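Note sheet for the following structure.
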Amino acid sequence: MPKPRKMQVSLDATPYYHCTSRCVRRAFLCGYDALTNTDYEHRRQWVEDRIHLLAEVFCIDVCAYAVMSNHLHLVLHINQQKALALTEKEICARWHRIYKGTLLTQKYEKNENLTDVELDAVAIKIELWREQLFDISWFMRALNEPIARMANAEDHCTGSFWESRFSSQALLDEKALAACMAYVDLNPVRAKMADTPENSVHTSIKLRVNQLASNQNQPKALYPFVRNPRQPMPDCLPFKLDDYLELVDWTGRAVRSDKRGSIGEHMPPILTRLGIAPAEWLILTTQFEKRVSTFAGSENAIRLAAENLGYKKPPGISLARSLFV
1 MPKPRKMQVS
11 LDATPYYHCT
21 SRCVRRAFLC
31 GYDALTNTDY
41 EHRRQWVEDR
51 IHLLAEVFCI
61 DVCAYAVMSN
71 HLHLVLHINQ
81 QKALALTEKE
91 ICARWHRIYK
101 GTLLTQKYEK
111 NENLTDVELD
121 AVAIKIELWR
131 EQLFDISWFM
141 RALNEPIARM
151 ANAEDHCTGS
161 FWESRFSSQA
171 LLDEKALAAC
181 MAYVDLNPVR
191 AKMADTPENS
201 VHTSIKLRVN
211 QLASNQNQPK
221 ALYPFVRNPR
231 QPMPDCLPFK
241 LDDYLELVDW
251 TGRAVRSDKR
261 GSIGEHMPPI
271 LTRLGIAPAE
281 WLILTTQFEK
291 RVSTFAGSEN
301 AIRLAAENLG
311 YKKPPGISLA
321 RSLFV
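If you use the working numbering, the sequence shown closes out at 325, no skipped numbers anywhere.
Right, dumping it as structure tokens:
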């Protein structure tokens with residue numbers, strides 16, 4: 001039986017999570033369906049546009065994403081402190097960008113006169129929204145529901161479009177985070193949808209490379225990489241963008257069968273800093289979903305997270321001992 005979401009997500013353990021949603025129907029989410037001779041490629045833009053919108057609305061940062069033919073990947077960072085710092089007006093404005101809210105909250109945003117009782121009702125509703133703005137279940141709901149409705153309307157059918165639950169994996173340390181992000185960014189390469197990461201479409205790596213080539217700024221829709229690592233760590237990903245791009249490029253070359261054995265001895269500096277051997281890294285970045293169930297990280301990190309979430313037996317210990325040493 002699947003674990004309830006409250007036993008899979010703990011901000012005390014980590015703010016980083018890998019989420020995956022898959023279609024239930026044989027029909028493609030995106031791409032070309034040879035059986036029905038129908039092209040669904042335009043749906044990729046639906047998903048990507050929605051991801052960018054939700055990154056602006058929710059206090060959940062998007063670290064990486066990839067929109068595939070029948071599923072999508074997201075690496076998310078829950079930014080609770082950002083949500084707690086927002087004013088009631090800001091919470092209301094954010095929520096109304098994706099949902100109608102209530103008649104009272106609409107009046108409140110427009111600064112219309114409300115009674116004390118009505119203001120109390122608005123305050124209760126806004127505090128509920130504040131919590132939901134850093135809830136990954138609400139993020140995935142706000143992403144999947146509109147896409148399902150649009151796809152059903154286009155297919156002239158009703159019923160479920162996505163599996164009832166999205167999968168989530170807690171990324172407990174920097175090694176797990178880097179490996180999972182590279183796994184997501186390299187999904188189109190492994191699926192032979194692109195020959196290089198920067199040529200893949202509707203992926204975070206494509207967006208980062210395009211932005212870097214145009215003006216050297218990092219995309220606003222994505223959680224930024226640190227510019228100069230220091231302590232205390234700023235609110236961003238704990239590696240430099242140049243290091244990560246080099247790492248993804250090296251990994252993408254290494255996993256291609258026609259390039260195997262042709263990689264030089266030069267190693268990306270981030271691998272050395274994270275303490276991951278090349279063989280272990282390639283296993284993680286090509287088999288992440290297959291190898292990881294609930295938690296990804298060192299043995300100590302998994303045991304601590306499992307204890308916080310009430311697990312009797314910590315999952316993923318054998319993997320942690322072999323790959324996250």
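Backbone N, C-alpha and C fix where the C-beta goes; we use that ideal spot for every residue, glycine too.
Nothing here was measured: the structure is a model prediction, and the numbers come from that model.
Give the DSSP-derived three-state secondary structure of residue i in the structure shown.
i      : result
Gln169 : strand
Ile263 : Its pLDDT being 41, under 50, Ile263 is placed unreliably in this model, and the coordinates cannot settle the point.
Met233 : For Met233, the pLDDT reaches just 49, beneath the cut-off of 50, and the residue's location in the model is therefore unreliable, leaving the point undetermined.
Asn308 : helix
Ala64  : strand
Thr285 : helix
Val277 : In the sequence as presented, Val is not what sits at residue 277; that position holds Ala. Of the three classes helix, strand and coil, the one that applies to Ala277 here is coil, per DSSP.
Ala296 : strand
Tyr108 : helix
Asp116 : helix
Thr38  : strand
Tyr32  : strand
Distance, Cα to Cα, residue i vs residue j?
i      : j      : result
Asn187 : Ala194 : 9 angstroms
Cys157 : Leu237 : 41 angstroms
Lys110 : Phe239 : 42 angstroms
Pro197 : Asp116 : 55 angstroms
Leu245 : Asp33  : 32 angstroms
Ser262 : Asp243 : No answer about Ser262 holds up, because its pLDDT of 39 lies below 50 and its placement is not dependable.
Ala142 : Ala121 : 24 angstroms
Ile328 : Cys180 : Only positions 1 to 325 of the chain appear in the structure, and residue 328 is not among them; the question remains open.
Ser322 : Ser10  : 24 angstroms
Gln231 : Ala83  : Note that Gln231 scores a pLDDT of 48, beneath 50, so its modelled location is shaky and nothing firm can be said.
Ile91  : Leu172 : 29 angstroms
Leu212 : Val292 : 32 angstroms
Gly264 : Ala64  : Confidence is the limiting factor: at Gly264 the pLDDT is only 46, short of 50, which leaves the residue's position unreliable, though a coordinate-based value still follows. Using only the alpha carbons, I get a separation of about 27 angstroms.
Thr38  : Pro146 : 21 angstroms
Asn79  : Ala182 : 21 angstroms
Leu133 : Leu282 : 35 angstroms
Leu274 : Lys175 : 6 angstroms
Thr20  : Ser167 : 5 angstroms
His73  : Asn113 : 44 angstroms
Glu299 : Tyr16  : 17 angstroms
Leu177 : Lys107 : 42 angstroms
Asn210 : Pro219 : 9 angstroms
Thr203 : Lys290 : 21 angstroms
Ile205 : Val67  : 12 angstroms
Phe161 : Asp49  : 19 angstroms
Arg260 : Thr36  : Its pLDDT being 43, under 50, Arg260 is placed unreliably in this model, and the value from its coordinates should be taken loosely. Straight-line Cα distance between these residues: approximately 37 angstroms.
Lys89  : Ser318 : 48 angstroms
When the Cα of residue i is compared with those of the options, which residue comes out closest?
i      : options                           : result
Phe225 : Val117, His18, His73 and His77    : His77
Gln287 : Val184, Asn217, Trp250 and Lys240 : Val184
Tyr223 : Glu56, Asn37, Glu41 and Cys30     : Glu56
Ala151 : Cys23, Phe295 and Cys19           : Cys23
Ala148 : Arg44, Pro278, Ala301 and Arg321  : Arg44
Arg303 : Val292, Gly316 and Arg291         : Gly316
Ala191 : Ser293, Ala301, Trp95 and His71   : His71
Arg97  : Phe58, Leu74, Asn210 and Cys63    : Phe58
Met140 : Val75, Leu119, Asp249 and Ala182  : Val75
Ser200 : Ser69, Ala320 and Trp95           : Ser69
Asp155 : Tyr16, Glu307, Gly297 and Cys30   : Cys30
Asp12  : Pro269, Ala305, Glu48 and Leu177  : Ala305
Leu241 : Tyr17, Pro278, Asp49 and Pro268   : Pro268
Leu284 : Thr251, Tyr311, Gly310 and Glu163 : Thr251
Arg165 : Ser137, Ala277, Asn215 and Gly101 : Ser137
Ala85  : Thr203, Ile51 and Glu131          : Glu131
Glu280 : Ala301, Ala254, Phe295 and Thr294 : Ala254
Ile294 : Ala320, Lys100, Asn215 and Thr105 : Inspection of the sequence shows that residue 294 is occupied by Thr rather than by Ile. When each option's Cα is compared against that of Thr294, the closest is Ala320.
So, does the CB of residue i fall closer than 8 angstroms to a CB anywhere in chain B?
i      : result
Phe134 : No chain B appears in this structure, which consists of one protein chain only.
Could you pull the start and end residues of the beta strand (DSSP E) that residue i belongs to?
i     : result
Ser21 : Tyr16 to Arg22
Just curious, the alpha helix (DSSP H) that residue i is in, first and last residue?
i     : result
Leu54 : Arg43 to Val57
Shorter than 7 angstroms, the distance from the beta carbon of residue i to the closest heavy atom of the ligand GDP, or not?
i     : result
Ile98 : For the structure depicted, the ligand GDP is absent and the ligand set is empty, with no information on it obtainable.
3-residue-minimum beta strand (DSSP E) runs that sit fully inside the region 184-250, ordered along the chain = none
Please list the segments of the alpha helix (DSSP H) lying wholly inside the region 69-106, counting only runs of 4 or more residues, in order along the chain.
-> 80-85 and 88-96
Which runs of the alpha helix (DSSP H) spanning at least 4 residues fall entirely within the region 126-160, listed in chain order?
-> 136-155
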